[in-house]
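Colleague: Numbering (UniProt numbering), first residue to last: 1 to 195. Please read through the structure below; I'll follow up with questions.
Shown next, in the form of structure tokens:
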């Protein structure tokens, strides 16, 4: 996302196409909504996940600079380190506490690649990462951990970002749903308001 620093990317490990479509899609949507500029799905290229993400980007506005899938996690990490000159943060319940480490991550002043797992994460990820960070030392969702991490990284400023080229946007309401069309797409507006 333009104007939100540091830039962040999310690397999803261990996606199982028959089992993880929904949760992987949710990790991408959280990454987008909470300020990440890049989303990488390693090892496999699940087009249903990619299509869902690109469909959201088309309607709700561009948040990602790049969405990519299919390369090995080692390739994505190497590209991040060499091209972006960034740091690697692995979110794991076994890591150091987020609240104690977030200032050090911010002070690094570099783009942040956030690694989130699905099934068992390869042991070498713990060694590759510059920071192994826990969002609570209890089992819970990688979606929740990602949202909380990004919110702490950006101090809540990501919640007010206006997405480029959006066709629709929500008009906040105390009761009911109200979606307004930005590009004059009446059908899109009616689809959401009638839901």
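We treat Cβ as the ideally placed atom computed from N, Cα and C, and that holds for glycine. Every value quoted in this text rests on a predicted model; they were computed, and no experiment measured them.
(1) Report the start-end ranges of each beta strand (DSSP E) in the segment 38-99 that is 3 residues or longer and not cut off at the edges.
(2) Runs of 4 residues minimum, wholly inside the segment 105-179: which ones carry the alpha helix (DSSP H) assignment?
(3) Taking the C-alpha atoms as reference points, what is the distance between residue 143 and residue 84?
(4) DSSP three-state label for residue 29, please.
(5) On a CA-only basis, which of 32, 33, 35, 61 is nearest residue 182? Give me that one, please.
(6) I'd like the list of long-range same chain contacts for residue 65, defined as Cβ closer than 7 Å, with 5 residues on each side in sequence excluded.
(7) What residue does the beta strand (DSSP E) around residue 16 start on, and which one ends it?
(8) How would you call residue 126, buried or exposed, if buried means at least 16 neighbouring beta carbons within 10 angstroms?
(9) Does the beta-carbon distance from residue 42 to residue 94 come in below 8 Å?
(10) Quick test of your reading: residue 128 and residue 91, contact by CB under 8 Å. State the CB separation rounded to the nearest angstrom.
(11) Output needed for residue 164: all residues of its chain with C-beta closer than 7 Å, excluding positions within five of it in sequence on either side, in chain order.
(12) Given 8 Å as the limit, is there contact between the segment 151-165 and the segment 43-51, that is, 3 or more CB pairs closer than that?
(13) Restricting to Cα atoms, I'd like to know which of 172, 177, 146, 169 is closest to residue 12.
(14) Measure the beta-carbon distance from residue 50 to residue 67 and round it to whole angstroms, keeping in mind my assumption that it falls under 8 Å.
(15) Which residues does DSSP pair with residue 9 in a beta bridge?
(16) For residue 116, which option in 100, 148, 174 has the closest C-alpha, if you only look at C-alpha atoms?
(17) Compare the Cα-Cα distances from residue 33 to each of 120, 72, 8, 123 and report the closest residue.
(18) Nearer than 7 Å: is that true of the beta carbon of residue 122 relative to any heavy atom of the ligand SAH?
(19) Is the separation between the beta-carbon of residue 40 and that of residue 89 shorter than 8 Å?
Modeller: According to the structure data:
(1) DSSP runs (the beta strand (DSSP E)) wholly in the segment 38-99: 38-41, 66-69, 87-97.
(2) Every unbroken stretch of the alpha helix (DSSP H) spanning 4 or more residues and falling wholly within the segment 105-179 is given here in chain order: 124-128, 142-154.
(3) Here residue 143 refers to the residue found at position 143 of the chain shown. Here residue 84 refers to the residue found at position 84 of the chain shown. About 24 Å.
(4) Here the question's residue 29 lines up with position 29 in the chain shown. Reduced to three states, the DSSP call for residue 29 is helix.
(5) For the purposes of this step, residue 182 is taken as the residue at position 182 of the chain shown. Nearest of 32, 33, 35, 61 to residue 182, Cα basis: 61.
(6) In the chain shown, counting from the first residue as 1, residue 65 sits at position 65. Result list for residue 65: 37, 38, in chain order.
(7) On the chain shown, position 16 is the one that residue 16 refers to. Counting along the chain, residue 16 falls outside any beta strand (DSSP E), and DSSP gives it neither H nor E.
(8) As a position in the chain shown, residue 126 is number 126, starting the count at 1. Under a 10 Å Cβ-count criterion, residue 126 is classified as exposed, with fewer than 16 other Cβ atoms of the shown protein chains found around its own Cβ.
(9) Here residue 42 corresponds to residue number 42 of the chain shown, with the count starting at 1. Here residue 94 corresponds to residue number 94 of the chain shown, with the count starting at 1. Between residue 42 and residue 94, the CB-CB gap reaches or exceeds 8 Å.
(10) Position 128 of the chain shown, counting from 1, holds the residue named residue 128. Position 91 of the chain shown, counting from 1, holds the residue named residue 91. Between residue 91 and residue 128 the Cβ distance is about 14 Å, and since that is not below 8 Å, they are no contact.
(11) Along the chain shown, read from residue 1 onward, the residue named residue 164 stands at position 164. The answer, listed in chain order, is 61, 62.
(12) Segments in contact, no.
(13) For this step, residue 12 is matched to residue 12 along the chain shown. Residue 12 has its Cα closest to that of 146, out of 172, 177, 146, 169.
(14) Taking the first residue of the chain shown as 1, we reach residue 50 at position 50. Taking the first residue of the chain shown as 1, we reach residue 67 at position 67. A Cβ-Cβ separation of about 6 Å places residue 50 in contact with residue 67 under the 8 Å criterion.
(15) Residue mapping note: residue 9 aligns to position 9 of the chain shown, counting from 1. DSSP links residue 9 through a beta bridge to 38, 113.
(16) Counting from 1 along the chain shown, the entry for residue 116 is found at position 116. Ranking the options by Cα distance to residue 116, first place goes to 148.
(17) For the purposes of this step, residue 33 is taken as residue 33 along the chain shown, with counting starting at 1. Of the candidates 120, 72, 8, 123, the one whose C-alpha sits nearest the C-alpha of residue 33 is 8.
(18) As presented, the structure is devoid of all ligands, the ligand SAH included, so that no description of it is given.
(19) Taking the chain shown and counting its residues from 1, one reaches residue 40 at position 40. Taking the chain shown and counting its residues from 1, one reaches residue 89 at position 89. For residue 40 and residue 89, no; Cβs fall outside 8 Å.
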